[in-house]
Structure formats: structure tokens, C-alpha cells
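Residue numbers (this note's numbering): 4 to 210. In this text, a Cβ means the ideal position worked out from N, Cα and C, and glycines have one as well. Small disclaimer: the values here were computed from a predicted structure and weren't measured. Notes follow the structure.
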Amino acid sequence: MSEAANRRAESKQVTREALIVAALAEFAEHGLDAPSLDAICARAGYTRGAFYVHFRDRADLLVAVVEHAMTGFIDAVIASGGEGHDLERTIDRFAAAVAGTMAGATSGERAALPLPSGVPFARVLEGVTRDPRLRAGFTTLLAGAAARVAATASEGQKAKDIRADVEASQVGGLLVLVALGAIVALDVGLPLDPDALRDTVLKLLAR
Numbered sequence: 004m005s006e007a008a009n010r011r012a013e014s015k016q017v018t019r020e021a022l023i024v025a026a027l028a029e030f031a032e033h034g035l036d037a038p039s040l041d042a043i044c045a046r047a048g049y050t051r052g053a054f055y056v057h058f059r060d061r062a063d064l065l066v067a068v069v070e071h072a073m074t075g076f077i078d079a080v081i082a083s084g085g086e087g088h089d090l091e092r093t094i095d096r097f098a099a100a101v102a103g104t105m106a107g108a109t110s111g112e113r114a115a116l117p118l119p120s121g122v123p124f125a126r127v128l129e130g131v132t133r134d135p136r137l138r139a140g141f142t143t144l145l146a147g148a149a150a151r152v153a154a155t156a157s158e159g160q161k162a163k164d165i166r167a168d169v170e171a172s173q174v175g176g177l178l179v180l181v182a183l184g185a186i187v188a189l190d191v192g193l194p195l196d197p198d199a200l201r202d203t204v205l206k207l208l209a210r
């Protein structure tokens with residue numbers, strides 16, 4: 004690829020990222036449905052024409068926003084250094100993220116991990132059920148997260164830190180479901196003890 008082509012590709016990526024970041028900020032301030040495309044574009048500093056270079060419509064943008072937020076969260080939480088204790092580190096990181104979210108909640112408004120404050124996770128799930136594109140992307144992200152957790156569980160079994168009588172793939176799926184449940188609990192204000200949740204999960208899996 005020529006230098007000019009590289010610059011064009013980088014410029015397009017910068018524009019796309021700016022639109023996604025602007026959408027996240029708008030959703031955090033005004034909710035998932037209220038912000039218009041004009042407001043998002045204005046916040047990003049681009050025109051609608053630039054928007055349609057990268058996204059087919061608002062739903063397509065929402066898919067990209069959810070993928071951006073979820074991928075960043077998954078990358079931050081799931082330890083993947085190929086060490087036996089990575090599963091414990093992953094569980095610790097998630098518990099810390101939950102505790103941090105609870106500590107940062109103000110006036111009854113809970114930030115639903117991994118989305119910005121003001122964007123209830125339930126609204127995302129509603130979008131998932133009604134939009135096939137969002138559902139497909141969300142399913143792929145969760146499957147990828149489960150596979151990554153399964154890989155860390157497998158390493159833990161090899162290091163004899165994790166019980167060998169459980170399937171690593173099932174551990175991955177189970178912990179992703181636990182994470183989703185914790186996010187929903189934060190969303191609706193259900194009492195949750197991150198430390199107790201972490202300790203229970205570790206006791207169930209520890210060899």
C-alpha cells in the first residue's frame with residue numbers, strides 16, 4: 004500500500020473512531036434513543052456525508068458503539084498471558100470493575116458495565132432483540148469472550164490451579180453468563196457483593 008493510501012486509511016479510521024466516541028458521549032448524556040445523527044456528527048466535528056461513508060444508518064452505528072465498548076471492556080478484564088493464574092486474575096479484575104462501578108454510582112443512577120453511565124444495559128439488550136445486526140455482533144463478542152476465558156481456564160488446569168473435572172469451555176460460558184448477570188444486577192440496582200461473588204466463583208473452580 005502506498006504512503007498516500009496509508010494516510011487515507013488512517014484518516015478514515017480516525018473519522019470512524021471520532022464518530023463512535025461522540026456517539027458514546029451522546030448516549031451517556033441523553034440515553035440510547037434520544038441523540039440524533041446530527042447531534043452525534045456535530046459533536047464529532049463531521050458532516051452527515053462523512054457519517055454515511057462509515058455507517059449505513061443509526062443502527063449500524065449502534066452496532067459499532069456496542070462492539071467498541073464491549074471489546075474494550077473484555078480486553079481490559081480478561082487476562083491472557085498464558086499463565087495458570089490468569090483465570091483468577093480475570094475474576095479479580097471483573098470484581099474490581101463491579102466494585103468501582105458501584106462506588107461511582109450517584110443519585111440512584113448506576114453505570115451498567117461496560118457502557119457509560121446513563122446507558123442502561125437493558126436498553127442494549129432491547130436493541131439486541133430487535134435488530135439482527137446488533138444481535139449477531141453481540142453474540143459474536145460474547146462467544147469470543149467465552150472462548151478467551153475458556154483458554155485461560157485450560158491454562159489453569161494445566162498448571163493444576165483449576166479443577167480438572169470441569170470442561171474449560173463450560174467454565175468460559177458460565178463465567179460470561181455470571182458477568183452478564185452482574186451487569187444486569189448493577190443496571191437494576193440489585194444488591195451485589197463483588198468480593199463475595201469473586202470468592203464464591205474461585206472456591207467453585209479452585210483445585
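Quick one: grab the DSSP three-state call for residue i.
| i | result |
| --- | --- |
| residue 2 | No answer is possible for residue 2: it lies beyond the span of the chain, which begins at 4 and ends at 210. |
| residue 57 | helix |
| residue 74 | helix |
| residue 18 | helix |
| residue 154 | helix |
| residue 29 | helix |
Mind checking residue i: buried by the 16 CB within 10 Å criterion, or exposed?
| i | result |
| --- | --- |
| residue 3 | For the chain, the structure presents residues 4 to 210; residue 3 sits outside this window and is missing. |
| residue 29 | buried |
Looking at the strands, I want to know which residues DSSP matches up with residue i.
| i | result |
| --- | --- |
| residue 209 | 165 |
Is the Cβ-Cβ distance between residue i and residue j less than 8 Å?
| i | j | result |
| --- | --- | --- |
| residue 163 | residue 133 | no |
| residue 44 | residue 58 | no |
| residue 72 | residue 47 | no |
| residue 175 | residue 153 | yes |
| residue 94 | residue 17 | no |
| residue 216 | residue 122 | Any property of residue 216 remains undetermined from this structure, which presents the chain solely from 4 to 210. |
| residue 19 | residue 66 | no |
Cβ pair count under 8 Å reaching 3, the stretch 120-132 against the stretch 194-210:
Counting C-beta pairs with one atom in each stretch, the stretch 120-132 and the stretch 194-210 have fewer than three that are closer than 8 Å, which means they do not touch.
Would the stretch 85-101 and the stretch 149-160 be scored as touching if the rule is three or more Cβ pairs under 8 Å?
Judged by Cβ distances under 8 Å, the stretch 85-101 makes contact with the stretch 149-160, as three or more pairs qualify.
Would the stretch 59-73 count as touching the stretch 164-183 if we require 3 or more Cβ pairs under 8 Å?
The stretch 59-73 makes no contact with the stretch 164-183: fewer than 3 CB pairs, one atom from each, lie closer than 8 Å.
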